[in-house]
Structure formats: C-alpha cells, structure tokens
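The structure under discussion appears below in the form of structure tokens.
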Amino acid sequence: MVNNKAGMTLIVKTITRLTVGLIMLFGIYIVFHGHLSPGGGFAGGVIVALSFVHLMLVFGKDFAMAKISRNLASNLESVGALMFLFVALLGFLGGSFFHNVIAKGKPFDLFSSGTIILSNISIGLKVGVGLFAIFLALVVLEMAKKE
Amino acid sequence: MGKEFILSLMVIIPLGTAFVISLFGKYLRNFCDKAIMVSSFLLLALSLYCRFLLTNTAGTLVYKVGGWNPPFGICMVLDGLSCFMLVTVNIVAFLIALYSLKYMEQYTDKPKFFTLFSLMVCGMNGVILTGDIFNLFVFVEIASIASYALVAFGTEAEELEASFKYAIMGSIASIFIFIGIALLYGFTSTLNMADMAKILTVKDSFRLVPFVAVLFLMGFGIKAALVPFHAWLADAHPSAPASISAMLSGLLIKTLGVYSLVRIFFNVFNAGQVHTVYLKVFMFLGALSIIVGVILAISQWDLKRLLAYHSVSQVGYIILGIGLGTPLGILGGLYHLFNHSIFKSLLFLNSGAVDYSAGTRDLKETGGLAKVMPVTYGTSLFASMSIAGVPPFNGFFSKFLIILACAQAGHIGYGICAVIGSILTLSSFMKVQKFVFLGELKEKFKKVKEVPFSMQISMIILAVVCLLGGLMFVSPLKFFLQDAVNVVTGGMSYSNAVLGGGK
C-alpha cells in the first residue's frame, strides 16, 4: 500500500483489505433495502462511513483522505441534503410536499416504493459523508493539538 | 393545489438556502450575501402574505404534507398564534441578515455562518408551523444544534466553553422533551397535536399529564431560560457574534421555549382541572424570572452580558402575562413577546455596533460614543426606552397591560413584582446610556467611525418598529394580536379546527 510505515500491522492491513469492501457493500445493501427490511438511509450511511473510518484507522489518515478529501466530503454532504429536498419537492408534481409521485411497483420488490428509496439514498449519502467528515475533523484537531 | 402550500415553503426556502450556500458559497464571491438576502426577504414577504391569507379565509389553514389527512400524516397549521410568531420571526430574521452582511466580515467563513443562520430560521419556522409533536421536537433540535455551533463561531476559548455548556443544557432539555413526547405517544397512540388534545379530553389522564407537564416545563423552560433553568443563557448569549445574540435572545428562546410551552399547555393539555396549577407555576416562575434576571443584570459591566440577563427578566414578563390565563394577560404577554423580540434584537445589534467600531463592550472602558456614533446612540436610546417601559414606546404598553391584567385578576403581588422589575430595568439602562454613549469621549475613541450603512439601516428600521409597535394595540392593527389570543384562550378550538380540515 501507499505507505507501509503508517497505520497498523501487516495482519490487520491484509484482513482489512479483504473486508472493507464487504463492509461498504453491506452498508449500501442496508440503504437500498430500507423500505423492505430494518435499517434505511441513516443506518446504512453509518455503515458506509464506518468502512472509511476503518480504512483510516488501519492505513493512516493520508490514505483515507486520498479517497475522499475534506472538501469533497463537505460538498457531498450538501449535495445529499439538497437531493433529499429535491425528492421532497418532486412531491409537488403530485400535489403536495413529500407526495410519493413515482409508481409504487409490486410490494417487496427492490424498486417498489416510489420516492422512499430515493430519499433513503440521499439520506445515506448525507449521513455517510457527514459522519466521515466529523471523524476527519476530530482526527485533524487531534493532530493539530500534538504539533 | 390550494394556497396552503405556502406553509411548506416557509421550511423549504431556508433549508434549501442553507445547503446551496454551503455548496456554492466557497466558490462564488458574494454568492452567500445575495442568497441570504433573497431568501430572508422572500420569507418575510411570504409570512406577511400568510397573515393576509389568514384574514381572507377567516379560519385555520392546514397543509397536509404528502397528502395524508391530519391524524395520520404530518400537517402544518397556520392559525392566529403561529401566524403572529411567524411574522415576528421573519421580520427580525430579515433585519438581522441585513445587519450581518457587513458585521460578519470581521469573522472568517461567512458562508458557514449563513448556512447555520438559515438552518436556525428553518428550525424556528418549522416549530411554529408544525402540527405534529414529534416534528416539533425535530425542528427544536435543528434550531438548537445550529445555535450551539453559532455560539462557538468565534472559536475563542470562552466561546467554546459557553457553547459546550449551552450544548449540554440544551441536550438535557431535549431529553426531557423527548421523554415527555414518548410518554404522551404511548398513552394516546398519536403524534398529531390536535388529535392528542382530543384523546386527552376523553381518556382519563390525570396521572400522566401532570408528570409530562413537569417534563415539558423543565425542557422548554431550559430552552426559554426561565429562572431556575437560566444559567446557560448568560454565557451563551454574550459569546455569540452580536447578530446571533440578537437571534438567540430575540427569537430562539421565545420560539423554542415560550411558543412551544403555550401551544402544548394551552392547546393540547386543556382537558382537566389541573390547568390552574400550571398557570400558578407559570406565574410564579415568571415573577421569579423578572426579579432575579433584573437583579443579576444590574451589576454587570459587560454590555452583552447585561443584555442577556435582561432577556431572562423580560421572558419572565411574557410568562407572567400568559400565566395569568385571562384574555388581557395573554394579550399583554404575547404583545410583550413581539416587542421584546424587536427591542432586544435592536439592543444586541447596538452592542455589536459598539463592539465593531470601538472594539470593546466593557462599560468601564467605553464612554461618550454618542458624539461619534449618532445612529447607534439614537437607536439604542429608542430601544432602551422601550425595554424600560417609557410611555410612547412599545414596551410601555405591553408592560402596562401585563400589570393591569395582574391587578384585574387579583394578583397584586405579581403586579408589584412587575413594577419593581420595570424600575430596575430603567435604572440599568440608564447605566448603559451613561457609560456607553454619554459623558466624556475618551482620547482613544476620537477616531471611531459610525458603522457601515447596511448595519445602520437595519438598526433604524428596528427602532422605527419599536416606536410604531405602540400602535399595535389600536384597533386597525389589533387583529394581529387578537387572533393569537383567541387561539390561546380557545383551548380545544385548535384541535377542532385542525381535525375539521381547517375551517
């Protein structure tokens, strides 16, 4: 990996390399199945954020920040919020704020709940990136304190 | 689509503005200034239009979010009381936004400031308009969390400390509110406030409601800074940038604290005989706040800290007036709420102007600034006379009504408390005028300049409103207050209006 000195030992790094994708995938699964099973945008977003936090703990700050910089994180967070607002505004097409305008489909299908799944995705984006940004801010603060 | 959709715009506009500013504010120069001015002006115009709409329909407007009918979905309710609060909030928020354009240039990151500012306005508009008790909690949290961050905006050690203290106290308040809501939900199986009120009249609730009432009294009491719960305010309000102190003292404690208390206690819990006990508690806490707040204020030498303690005392007047429970008392209380938002935000903006130009707000250091800052001096004289209750200004009329209502309801003791509070307020503002604006101009302040024009204009408008506010009690304008009073005294009529589909 980029810098072998940074982060934890080889064993942890190898295990992480194998699992981190699965963790993220699980987070995305939770987001997409928010209307079918327990979980949803918030819970899934937290799991996605944890996969990045995991990367940061194991490989060091620089490695994770190369994936998502602080600026990108804060921008994506705003995008997530605006997406959610946009989905809510879509409801005006059907007559009122938050109205579920998209066809509902067959119950228990993956794409079945109209705007709910879109809302879940935008919440997942906002929460995931937001939580990662908070963690990043804490790490940067801690490093500034040490210097 | 009926005209009710305007209610949802009151939440959509500030929320959208907040995130658009946080996304583009960093890259486009002056974008955040334009965005915030457009959005707060739109909000002001829409809130006045809401008032117009309410007069035309002569009833309650109910907006069904997502098209779900009231007991099931979330609804937004515009009645006399919420319209009154909405207009108050948006007038002051617009003028404070105007003031902040120049004032906030001494801090770095203006886009972040306006993002949080917009979120706070969004939270307050939401609290006022929502008809769903859990939604109310969510909006209370949005406004509070934005305000925690804004108190720490200067990132000096004491500001961070004040913000931390405020965040802890605010979170404790939120927990009380949350537990109260959870218990009510468990008991009534509904979150819609109107439906809840209806169920509470039918179901035997004499054990639960007093307990929940105590939780809400503590929770919203902390948000409103009533006396036993006021300790955080004196740190948090002075530490924030002046425009935020004005928002916090002028609007936040009233919207989150007083409005929610009134809405829940008068429109939701209006079922049993325990009612008079709550009113007694309100009156006692109100009178206590008046006296304790003003005594703490009078010995302060930091201008903003002095003003912050006066907020405690003035909220006491509002709660005392509302707690009397008579139509006249409630009228006085709500009238004072409006007046206090105007003059207290003006006073905080004045303190910000003094800080901006002279670089200090310590009363022992300033002096004679009237000669170099005539506009600030003039407007602060207006505001000081309003808060002290000198006749032609708005503060006189509302205090007079409260004292009259006390006498009418037979609570002479509380009336005397209000009079004493008023006299002490007058003396402490004489101190402010003497030490800040009058007296000898010190050598180091000779070169002090008046603040920029946009700051002046917002202070002047607020001062004019202070003067004209006295006219609100006269009949052509009285409908604005009277409608609000009718909602509070109406009790169950709120529930019937909302469930009856808004007629």
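If you read the protein sequences in the order shown, they are chains W and H.
Take 457 as the starting number for the first sequence in our numbering and just add one per residue.
Take -14 as the starting number for the second sequence in our numbering and just add one per residue.
Heads up, the beta-carbon is just placed ideally off N, CA and C, and yes, glycines get one too.
Since we're looking at a predicted model, the values are computed, not measured.
A residue is called buried when at least 16 other Cβ atoms come within 10 angstroms of its Cβ; Q393 (chain H) does not meet this threshold and is exposed. A368 (chain H) and L331 (chain H) do touch by the CB rule: their CB atoms are close to 4 Å apart, below 8 Å. Interface residue (Cβ-Cβ distance to chain W less than 8 Å): G352 (chain H) is not classified as such. Within the DSSP secondary-structure output, T115 (chain H) pairs in a beta bridge with H:M61. Comparing C-alpha distances from V277 (chain H) to each of H:A216, H:P223, H:I(-3) shows the shortest one belongs to H:A216. A buried status is given to K384 (chain H), since no fewer than 16 other beta-carbon atoms sit within 10 Å of its beta-carbon. The Cβ-Cβ distance between L46 (chain H) and L38 (chain H) falls below 8 Å.
If the five residues before and after I166 (chain H) are omitted, its C-beta is found closer than 7 Å to the C-beta atoms of I118, F119, F122, all from its own chain and listed in chain order. Against chain W, the CB of L8 (chain H) has a partner CB under 8 Å away; the residue lies at that interface. Around the C-beta of I127 (chain H), 16 or more other C-beta atoms lie within 10 Å, and the residue is accordingly described as buried. When the five nearest sequence neighbours on each side are left out, the beta carbons in the same chain lying within less than 8 Å of the beta carbon of E425 (chain H) are those of G352, G353, in order along the chain. At a beta-carbon threshold of 7 Å, none of the residues of chain H lie near N576 (chain W); the nearest stands roughly 16 Å away.
The DSSP assignment places 397 to 417, 438 to 453 as complete runs of the alpha helix (DSSP H) inside the region 381 to 457 of chain H, in order along the chain (cut-off: 4 residues). Taking a 10 Å sphere around the C-beta of K49 (chain H), we find 16 or more other C-beta atoms and assign the residue as buried. Assignment of V357 (chain H) by DSSP, reduced to helix, strand and coil, places it in the coil class. At a cut-off of 8 Å between C-beta atoms, L0 (chain H) counts as an interface residue with respect to chain W. Taking the beta carbon of V5 (chain H) as reference, the chain W residues within 9 Å of it are S534, L538, listed in sequence order. By the neighbour-count criterion, in which 16 or more other beta carbons inside 10 Å mark a residue as buried, F553 (chain W) falls on the buried side. Around the CB of A593 (chain W), fewer than 16 other CB atoms lie within 10 Å, so the residue is classed as exposed.
Of the residues H:L176, H:P437, H:N75, H:I164, the one whose Cα lies closest to the Cα of F57 (chain H) is H:L176. F(-10) (chain H) reaches chain W at F548, S552, F553, counting residues in chain order whose Cβ is nearer than 8 Å.
L28 (chain H) is a Cβ neighbour of M(-5) (chain H), given a cutoff of 8 Å. Against chain W, a Cβ distance below 7 Å from V50 (chain H) picks out S552, F553, F554. Around the CB of D340 (chain H), 16 or more other CB atoms lie within 10 Å, so the residue is classed as buried.
Judged by their CB atoms, M444 (chain H) and T364 (chain H) are nearer to each other than the 8 Å cut-off.
Under the three-pair Cβ rule at 8 Å, the region 147 to 164 of chain H counts as touching the region 217 to 232 of chain H. For chain W, none of the residues of the region 15 to 42 of chain H brings a beta carbon within less than 9 Å of one of its beta carbons.
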